[in-house]
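Okay, so here's the structure we're looking at.
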Amino acid sequence: MGTSAGGTRLSKYLVFLAGAAALVFATPVPASPGQSSGAATASSKPLSTRVVAYNIEAKLDPVKHSIAASETLVYQNLTGQAQQTFPFHLYLNAFQPQSTFMTEVRLYGTRGTGPDSGWEPKHTGSIAITKLEVGGMGDLTGRMQFIHPDDDNANDRTVFQVTLPRPVPPGASVEFRIAFEDVLPEVVERTGYKRDFYMVGQWFPKVGLWWKNAWNCHQFHATTEFFADFGTFDVKLTVPQNEIVGAGGDLVSSQNNADGTKTLVFHSEDVHDFSWTASPSFQVVEDQWTGSAGAVKIHLLMSPGNRDTAPRYLKALKGTLQLFDEWYGPYPYDRITVVDPPHGGQDAGGMEYPTLITAATSWNMPKGLLVPEVVVEHEFGHQYWYGMVATNEFEEAWLDEGINSYTEVKVMDALYGHDTSFMNFPFLTLGESEAQRLSYLGRPDLDPIARFAWKYYGSGTYGGITYGKTATMLLTLEGMIGEDTMRRAMHTYFMRYRFTHPTGEDFLKTIEEVSGKDLRWYFNQAVYGTNILDYEILKAYSDPVNWYEKKPKFRARPESHDTVYRTYVTVHRKGDFVFPVDVEIKFSDGQTVTEHWDGRDRWMRYEYERKAKIVSAEVDPQHRILLDRNFYNNSYRKESDSSAVRKLANLWMFASEWFAQWVSWIT
Amino acid sequence: MAAKPKTFLSGAGLVWRRQGALWWIYIVNAALALLSAGGMVERAGDALNHSLAAQRLVHGFSLGALTELMSQPEAPLELPGTGFLFFPFVFLVFLLFATGGVLALYYRDERLTAGPFFEACGQHFWRFLRLLVYLVIAFIPIGIVGGITGQLHDHIDEAAISPYPAVEVFAAGAVVILLLLMCLRLWFDMAQVIAVAEDEKRMHKALRRSAALLRRNFGSLFWLYFRISLIGWVVCGLALQWWKNYVSPESGGAAFFLGQFIIVFWLSTRLWQRASEAMWYRQYQMEALTGAGVTEPEPVLTPVGAAAPVR
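First to last, the protein sequences are chains A and B. Position one of the first sequence corresponds to residue 1 (our numbering), numbered consecutively onward. Position one of the second sequence corresponds to residue 668 (our numbering), numbered consecutively onward.
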């Protein structure tokens, strides 16, 4: 155990390990958590309860795609009780064939494009601890023990724990000194290398988080992300001198070394992670934005061939910064780094780390396809919903991904238009809210929103529910309580819980508090349940009251304004989701009647008697209930209108004809 | 062999003169597509004709509305289920049947009544079916080239520092495959012309003769084929651009006519190639007879469909 995860690699990387070990003991212990050695935020006071202080020295070997490093972690025991056993994440060990991560990838796929289709050696990633010492307690390497709290996979090495010889009293701190060796995979699931590009995330031994009176340190799963304490990071990176480096921290110093390397020192505070990137091929684009908390430097690291996308990234990022600042609260950090992964390295794209995000584009990205904008918006949004409001991504992924998808809709719609915020071609459009709703409609009833991320039916439902349903659920909620109230609730939630670790209930209660409404009936169904919401106009027609009178034969009876009709409109609740709805009925005399139905029964029939026939009936005429599974059955118009079908038929016919001609080319 | 500049335009003229072939093929193509669309109309009509939400598809074209329609819980619009794959296959079989008659028509450049036309169709159907089998076999090396290109791309992508070389190799490979496919089609086109012109029953022999012909006259024949393809791509591409940019989303009529124009033009370019190839071969035979052309391979002048009355 212990170093065995990388045991076979030990000899190969002996030189680096020796160097790392030397660094471990030569490095001064950093200031205890809470002390600042740089200006990583716009605030002079700590913004968070700084539980951890990481001091890491790392050296990149770009030939072997490995990192030899040492880490000193000072952990402040604020758990209120003595702690003797400490769990640590070793995320990089997920990229091994027998890990829980890979087992789940084989079962139901993953969000990336990496090893789904089959394992290749280049997908291998690992992190091996060669030495673990604890201040005042000596070398405890032999006490390390891999654990698997979420399953029975003894081959999973993404979490280990170490039991100290004696407990750390409440309020005291403990210092871990760890030497470790990373082997990076070719980019898979957010991290790794591609050619000369490095995206180094989740790369160091990271202590678990004491939460709800227990250690929370889950294994790395195919659908899970992260959860960690706030603190400070002082990171010293040694890389070849030609590397252009970006990191989730302020650059404190840079020094060239005699061996052709350079050492960069970064500092970051009030964050819970540190990631970095390097490539000699980056083109740097600098910009700045000023918000309510001060100036924010924007570092854009563009990969070859993607330079044309830089203005699109910047426009989306600045617009997002502005709207988040206005709507939800200030962005307190003094920088944001955007990493544009290179061609072929897209698996590193679309990821968030504190003050560093990865974007996504491709060569010749069409202007009408707003993927770069959406990704930058989404990943920046995580600075709020994950970065600052640091919810548990393992257990309540909807609180970061879902809320972030909701704010993504709001921001993208505001910046790029409601119906065109995802795709805007002259012949084809797609709005963000539609995109989120569609992702939910794929498999709407397999999993509730509130479910541990790795316990979803599969990666598809995880994505559809966690992102799509949560966003759609919140948009529907917004329709219920109003946009302004919803925005105030989001603002309150952010300001109240930033730099803490709130739960789903904290979020839901904040919305109830701000709106002044009891919304539990809705949350129970939408968040905790799997009920389908689907209302339809089952039947709508008008019948002359004097229907029994004979019609004149061989000539049409003239339309009489005196004819009285009895109109029936039946609304049907097809799904089990009970939701009060408005029903709008329009009559031929121009009159409109709006009914309100509590939706409790399975159906409701409305009856009218007037000198006009029905023109149309529609459930939810304001189109506020986005959770409704089928919009087409929400309305009924008396007069048939086949223009949509004709249009579809025309396109279908054209496509069919052309396809037939292409196929027949072989004759 | 010297290029035959007149063949290019004369081929177009021939398609124009014998445009009945074009229209009949188009009618079959359109009729099958109409049948294919029929199932969709029925299903989509149930959801759309009385729904106010259908307007999302009329004014503009929402991908979300379309996707929602296609995933209707009660009656999803599945592509295979609505004949999208079946009817094109039927058209393929029809065209395989009709090609013999069309080539006879172009080769003779005379009006053919239904009898001789269908006789030529029937006479060559099984031959061309055998050719199709040969064509599928001939795809194998092109598939291998594709595989090699992919592996080369992956290898370079792994090894190179810059992302460009791998993509350039891939793009070059794609162009090579495209050109190979065109050469292959030209080879089989000429084999079909030889089969019709000389009533060649043995398709492997027709292929051999076609290969020999191509070897000696590759430049002129490929240029002929390529130019017409290029015109088809350019005109259809421009028409699609026009559709995209200038045809109102609500305009049903304009979209229909523009769409059908593209279909007819695309079809006519393929027939243009066929006509040009038939004319080229006829000229080649004439020159061979007068001694002006290449004497190898020796063409055999045989009346097309000897049993068929020529009018």
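Backbone N, C-alpha and C define an ideal beta-carbon position, used for all residues, glycine too.
Interface partners of residue i on chain B, CB under 9 Å
i, result
"Tyr541/A", "By Cβ distance, chain B contributes nothing, its closest Cβ being about 11 Å from Tyr541/A, past 9 Å."
"Lys59/A", "The premise fails here: Lys59/A is roughly 21 Å from chain B at the closest Cβ pair, so nothing lies under 9 Å."
"Ala435/A", "Leu730 and Gly731"
Contacts of residue i in chain A (Cβ-Cβ under 8 Å)
i, result
"Ile807/B", "Residues of chain A passing the Cβ test: none, with the nearest at roughly 14 Å."
"Asn884/B", "None at all; the shortest Cβ gap to chain A is about 22 Å."
"Gly919/B", "Ser643, Arg646, Lys647 and Asn650"
Separation of residue j from residue i, as counted between CA atoms
i, j, result
"Asp61/A", "Tyr313/A", "31 Å"
"Val29/A", "Thr72/A", "With a pLDDT of 33 at Val29/A, under the threshold of 50, the modelled position of this residue cannot be trusted, and the question is left open."
"Lys550/A", "His561/A", "18 Å"
"Cys217/A", "Phe452/A", "13 Å"
"Gly813/B", "Phe806/B", "10 Å"
"Ala94/A", "Asp325/A", "36 Å"
"Thr158/A", "Lys318/A", "37 Å"
"Tyr693/B", "Tyr456/A", "51 Å"
"Tyr333/A", "Phe226/A", "20 Å"
"Pro46/A", "Phe499/A", "10 Å"
"Ala841/B", "Leu847/B", "10 Å"
"Arg520/A", "Ile298/A", "41 Å"
"Ser37/A", "Val74/A", "In this prediction, Ser37/A has a pLDDT of 38, which is less than 50 and means its spatial position is unreliable; what the coordinates show is noted afterwards. Their backbone Cα atoms lie some 15 Å apart in a straight line."
"Ala82/A", "Lys206/A", "20 Å"
"Asp151/A", "Glu709/B", "50 Å"
"Ile585/A", "Tyr606/A", "10 Å"
"Asn364/A", "Glu434/A", "25 Å"
"Ile666/A", "Leu851/B", "10 Å"
"Thr530/A", "Met707/B", "31 Å"
"Ser173/A", "Arg50/A", "12 Å"
"Ala53/A", "Val389/A", "19 Å"
Sub-7 Å separation of residue i and residue j beta-carbons
i, j, result
"Ser703/B", "Phe751/B", "yes"
"Arg566/A", "Asp543/A", "yes"
"Ala128/A", "Glu181/A", "yes"
"Gly344/A", "Asp824/B", "yes"
"Asp270/A", "Phe230/A", "yes"
"Trp398/A", "Ile449/A", "yes"
"Ser268/A", "Phe233/A", "yes"
"Ala716/A", "Val569/A", "Outside the displayed range of chain A (1 to 667) lies residue 716/A, so it cannot be described from this structure."
"Val619/A", "Val581/A", "yes"
"Thr85/A", "Gln145/A", "no"
"Gly208/A", "Val339/A", "no"
"Val471/A", "Ser405/A", "Looking at the sequence shown, residue 471/A is not Val but Ala. Contact flag set, yes."
"Ala873/B", "Ala864/B", "no"
Closer than 7 Å to chain A by CB, residue i
i, result
"Ile823/B", "no"
"Phe923/B", "yes"
"His729/B", "Checking the sequence shown, residue 729/B turns out to be Ser, not His. Yes, Ser729/B lies at the interface with chain A (some Cβ there is under 7 Å from its Cβ)."
"Ile804/B", "no"
"Leu759/B", "yes"
"Ser943/B", "no"
"Met707/B", "yes"
C-beta neighbour in chain B for residue i, strict 7 Å
i, result
"Ala278/A", "no"
"Trp652/A", "yes"
"Gly249/A", "no"
"Ile666/A", "yes"
"Arg514/A", "In the sequence as presented, Arg is not what sits at residue 514/A; that position holds Val. Not an interface residue."
"Phe659/A", "yes"
Proximal residues of chain B, C-beta to C-beta of residue i below 8 Å
i, result
"Gly344/A", "Asp824, Pro830 and Ala833"
"Arg637/A", "His717, Ser718 and Leu719"
"Val663/A", "Pro755, Phe756, Phe758 and Leu759"
Chain-ordered chain A contacts of residue i [CB-CB under 7 Å]
i, result
"Gly926/B", "Asn650 and Phe654"
Near the ligand ATP: residue i beta-carbon under 6 Å from a heavy atom
i, result
"Glu835/B", "With respect to the ligand ATP, the structure shown offers nothing to examine, as it has no ligands at all."
Partners in chain B for residue i, counting only beta-carbon separations shorter than 7 Å
i, result
"Pro426/A", "Lys911 and Asn912"
Exercise for the section: Ignoring anything shorter than 3 residues or poking outside the segment 158-215 of chain A, list the beta strand (DSSP E) runs there in chain order. Expected result: Entirely contained in the segment 158-215 of chain A, the beta strand (DSSP E) runs reaching 3 residues are, in chain order, 159-168, 173-183, 192-194, 197-200 and 209-211.
Practice task
May I have a chain-ordered list of the beta strand (DSSP E) segments no shorter than 3 residues that lie completely inside the segment 315-367 of chain A?
Solution key: Runs found: 335-339, 351-353 and 356-358.
Exercise for the section: Identify every run of the beta strand (DSSP E) within the segment 39-112 of chain A, keeping only runs that are complete inside it and at least 3 residues long; order them along the chain. Expected result: The segment 39-112 of chain A contains these whole beta strand (DSSP E) runs: 52-61, 66-76 and 83-89.
Exercise for the section: Residues of the segment 831-863 of chain B with a CB closer than 8 Å to any CB of chain C: list them in chain order, please. Expected result: Of the chains in the structure shown, none is chain C; the protein chains are A and B.
Exercise for the section: Scan the segment 397-438 of chain A and note each continuous beta strand (DSSP E) run of 3 residues or more that stays entirely inside, going in chain order. Expected result: Counting only runs of 3 or more, we get 423-425 and 428-430.
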